[in-house]
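The opening residue of the sequence shown carries number 1 in the UniProt record's numbering; numbering runs sequentially from there. Quick reminder that beta carbons are idealized off the backbone N, C-alpha and C, glycines included. Predicted model, so just to flag it, every value in this text is computed and none were measured. Notes for the one structure printed next.
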Amino acid sequence: MKKRVYLSLICTSILSANEITTPTVSVNETVTSEVVSNVSSEDIKSADLAEALSKNLPSISLIRRSGIANDILLRGQKRDNINVTIDGAKIYGACPNRMDPPTSHVLSNNVESVVVSEGPFDVENFGTLSGIVKVETKKPKKGVQGDINFNMGSFDYRKGSATVSGGNDFVRALVSVSTESSDQYEDGNGDTLYEQQKKQDITNTRRYSKDYEDMEAYEKSTLLTKLYFNLTDNQEINFSYTANRSDDVLYANTPMDALYDDSDIYTIGYKAVDLGAFSKELNIDYYYSKVDHPMATTYRNNGAMEMTNHMKSKMRGFKVKNSTEISESLLTYGIDLSKRTWEGEYYNKMNPYMGDSIPSTDTKNKALFAKFETQFGDLSVTTGVRYDDTEIETAGNQDDNDYDGFSGYIMSTYEANETTKYFAGIGKSMRVPDARELYLLTSAGGVTGTPDLDETKNYEIDLGFEKIIGNFTIKTKAFYSKLKDYIYLNTSNASNKFENIDAKIYGLDISGAYYATDEISIDYGLAYQRGKKDEAFDGQSDTDLADITPLKANIAFNYEYEKSKFSAEVVAAKSWSNYDEDNGEQALGGYGILNLKYNQELSKHFDITLGVDNVLDKTYAVSNSYADLTLISAGTTEAMLLNEPGRYAYFNLKFKF
């Protein structure tokens, strides 16, 4: 388990990662953020970043979609209610059923660190309603260095990856490649994905056919390239390209599987520091991302009814951000422009075009933002404001939409002494409906989307403190979020299933560590959320909000001595007692699993890692069945739950140079 390090302790190293020295600035959002660092070296079990985050942060829960390409919940929020950026770029999955969430388009072996910031305390990015996950990938360094990894695991998992980086004072470059594949995993009962379908008595036409019931769960290959130029001592330009190629990914509890999932991310960035009195730091960034994702019933018992839904997504963004020192304060301001295109169409063997699933839709956003950071003795204050103007234009028969509005926040931190900090923040954020929520159509032409949805607003307050007591650290955060016009799926509607509702989410999380000796430490974390609708839908009685995971706890024992590292972690959660049964959710049992990992440095160039996840081979599920996802079932009974993998043993050999 990677040690969670508060951003306030490592912000200097992050800001200087490009090898251009940026003046140290007090960043007040740090008290509401957590950093998972050294991801590429520590989380080597698989490429799945979502799984790595859910194991390390109690406020993040996993949404199990497959053997790979899983999704996350942050404080009970998912999809467009949270933001995910990769090196500052945004990529949106093409699948309306979340087969390819943003976290699936970057692999853990390429990730250096992840900053998770909860709440509406971000004005620099479009659509940060309830939190943002900032993924930072590896950066090239001077000299020549790299590593080669060979990984094997249960269920015939195989992975090979290699990274090489090098350069001098003027230019630096990095290339990273990987390939991996796996059979269907088995749950604690020894059931594969297909056997889980059989055991839950899924309708025969939805099951895998005899020719495919034993096929691999997925194949995946990636490429990451980066090129950095130091134009002068204080100016830098960088380029990056990321390619992801996934083939034949099985999604056992949904009607379709991914024939392939191809994505590309291109970025160009310019950075300069100390340009003059009006520019302490200037950043100019452009990115372009695209996803090609055909999903089909090819591997199911559907005979002549085989059908494909071919989805595509594109995203373009441009941002200019400048920081200016005013006395001992810092003013950051800029413009943020983006265009998101989403489209899809159905076809089958007999008909090359049955109709649109999402008519080609452009979401165009223009925004201005500003942030001011200042200090009054032991009290630091950050305020931020953002104005968004968004146009949504569709090629379909439905109406276009326009949205505009202000977001903003105030965050203050009081440093009572060297070992104690208190913080409080209040903010308002918003996000517009996406093309799926507005315009989604069924293969028969039915209208699932609701074209007149309002944007969602989040009014939130966060309170907490950090405390160091000898060798013990604790960080506690409590929050209350009032959601106005929250977009929610109503299964009682035959069409226009998405509605605006008012709701609230509140909760608490606690995290920290105990350093018993120089060799022994304990990390811990706990998170609890509760979500309620203000009123039940007409014809329904359930006011519980969906996707609100129950009490979850993580605790890890870590031992490091000379060239050896050992960790034993327990991840546990309470059973689901509050869930939205009217809209597809069901009771889930609690669980507690034990994971073990051992790393040994054999020499200057070689190290090995051995691990076992779910040591006791427990059978359990973490993902519920809210009808926001299209899941399969046995006739009219409850939707299929996908169990987590059973006991999983893995081995990794690394060669470093």
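Residue i in three-state terms, based on DSSP
i: Gly315; result: The question names Gly, but residue 315 is Met in the sequence shown. Strand at Met315.
i: Phe655; result: strand
i: Glu644; result: coil
i: Leu463; result: strand
i: Ala639; result: strand
i: Arg65; result: coil
i: Gln184; result: coil
i: Lys421; result: strand
i: Tyr528; result: strand
i: Ala649; result: strand
i: Val25; result: Its pLDDT being 28, under 50, Val25 is placed unreliably in this model, and the value from its coordinates should be taken loosely. Correct three-state label for Val25: coil.
i: Thr128; result: coil
i: residue 658; result: The question about residue 658 has no answer, for the chain in this structure spans 1 to 657.
i: Asn56; result: helix
i: Gln197; result: helix
i: Leu631; result: coil
i: Val39; result: helix
i: Glu19; result: Any answer about Glu19 is weak, because its pLDDT of 39 lies below 50 and its placement is not dependable; what the coordinates show is given next. Of the three classes helix, strand and coil, the one that applies to Glu19 here is coil, per DSSP.
i: Glu34; result: strand
i: Ser603; result: coil
i: Arg436; result: helix
i: Asn110; result: helix
i: Ser495; result: coil
i: Leu74; result: strand
i: Thr205; result: helix
i: Ala50; result: helix
Member of the options whose CA lies at the smallest distance from the CA of residue i
i: Asn397; options: Asp404, Pro359, Thr324 and Gly384; result: Pro359
i: Lys139; options: Gly127, Arg172 and Phe126; result: Arg172
i: Thr163; options: Phe150, Asp169, Val177 and Phe170; result: Val177
i: Ala52; options: Ser33, Ile72, Arg65 and Ser66; result: Ile72
i: Arg386; options: Thr298, Lys654 and Asn365; result: Asn365
i: Arg65; options: Asn149, Ile632 and Thr637; result: Ile632
i: Ser443; options: His310, Asn151, Thr203 and Leu653; result: His310
i: Ile426; options: Gly539, Asp48 and Asn458; result: Asn458
i: Gly119; options: Leu129, Asn125, Met99 and Ser40; result: Leu129
i: Tyr288; options: Ala272, Thr308 and Thr267; result: Thr267
i: Gln540; options: Phe239, Leu602, Asn493 and Pro102; result: Asn493
i: Lys371; options: Val381, Gly377 and Thr363; result: Val381
i: Ala639; options: Asp613, Leu588 and Asp518; result: Leu588
i: Glu601; options: Pro294, Phe566 and Ser481; result: Phe566
i: Gly67; options: Ala252, Ser240, Gly146 and Ser495; result: Ala252
i: Gln145; options: Val133, Tyr260 and Val175; result: Val175
i: Asp262; options: Val249, Tyr346, Thr254 and His293; result: His293
i: Thr298; options: Gly317, Ser575, Asp248 and Met152; result: Asp248
i: Ser575; options: Gln586, Asp582, Ala568 and Asp613; result: Gln586
i: Tyr561; options: Arg98, Tyr598, Leu49 and Ala572; result: Tyr598
Strand pairing of residue i, partner residues [DSSP]
i: Arg386; result: Phe369 and Ser407
i: Ile593; result: Val571
i: Gln375; result: Ser380
i: Phe121; result: DSSP lists no partner for Phe121.
i: Leu441; result: Val447
i: Tyr626; result: According to DSSP, which records beta bridges pairwise, Tyr626 is partnered with nothing at all.
i: Tyr561; result: Ser564
i: Gln398; result: In DSSP, Gln398 forms no bridge with anything.
i: Met152; result: Arg158 and Phe651
i: Leu610; result: Tyr598 and Phe651
i: Arg431; result: Thr456
i: Leu588; result: Partner(s): none; Leu588 has no beta bridge.
i: Ile82; result: For Ile82, which the question treats as bridged, DSSP gives no partner whatsoever.
i: Ala556; result: Asp523 and Glu569
Chain D contact for residue i (CB, 9 Å cutoff)
i: Pro101; result: The structure shown contains no chain D, having only a single protein chain.
Check: residue i C-beta below 8 Å from any heavy atom of the ligand SAH
i: Ala546; result: You won't find the ligand SAH in this model; it holds no ligand whatsoever.
Could you say if the segment 73-82 and the segment 104-115 meet the contact criterion of at least three C-beta pairs nearer than 8 Å?
Cβ pair count under 8 Å is below three, so no.
Every unbroken beta strand (DSSP E) within the segment 275-336, with a cutoff of 3 residues, ordered by chain:
Whole beta strand (DSSP E) segments, 3+ residues: 279-296 and 307-326.
Pairing CB atoms from the segment 212-221 with CB atoms from the segment 636-645, are three or more of them under 8 Å?
Counting Cβ pairs under 8 Å, fewer than three are found: no touch.
Determine contact between the segment 393-408 and the segment 465-481, defined as no fewer than three beta-carbon pairs at a distance below 8 Å.
Contact between the segment 393-408 and the segment 465-481 is absent, with fewer than three C-beta pairs closer than 8 Å.
Mind pulling the alpha helix (DSSP H) runs of 4 or more residues that sit fully within the segment 217-256?
With a minimum length of 4 residues, no continuous alpha helix (DSSP H) run stays inside the segment 217-256.
Using 8 Å as the cut-off, can you tell me whether the segment 325-335 makes contact with the segment 231-249, which would need three or more C-beta pairs spanning the two stretches below that distance?
Look at the beta carbons and you see the segment 325-335 not touching the segment 231-249: under three pairs across the two are nearer than 8 Å.
Any 3 or more C-beta pairs closer than 8 Å across the segment 517-530 and the segment 546-562:
A contact exists between the segment 517-530 and the segment 546-562.
Per the contact definition of three or more C-beta pairs closer than 8 Å, is the segment 199-208 in contact with the segment 223-232?
With contact defined as three or more Cβ pairs closer than 8 Å, the segment 223-232 and the segment 199-208 are not in contact.
Between the segment 326-344 and the segment 409-422, do three or more beta carbon pairs fall short of 8 Å?
Taking a cut-off of 8 Å on C-beta distances, the segment 326-344 does not touch the segment 409-422, as fewer than three cross pairs fall below it.
For the structure I just gave you, are there three or more beta carbon pairs, one from the segment 447-464 and one from the segment 482-492, closer than 8 Å?
Touching, per the Cβ criterion.
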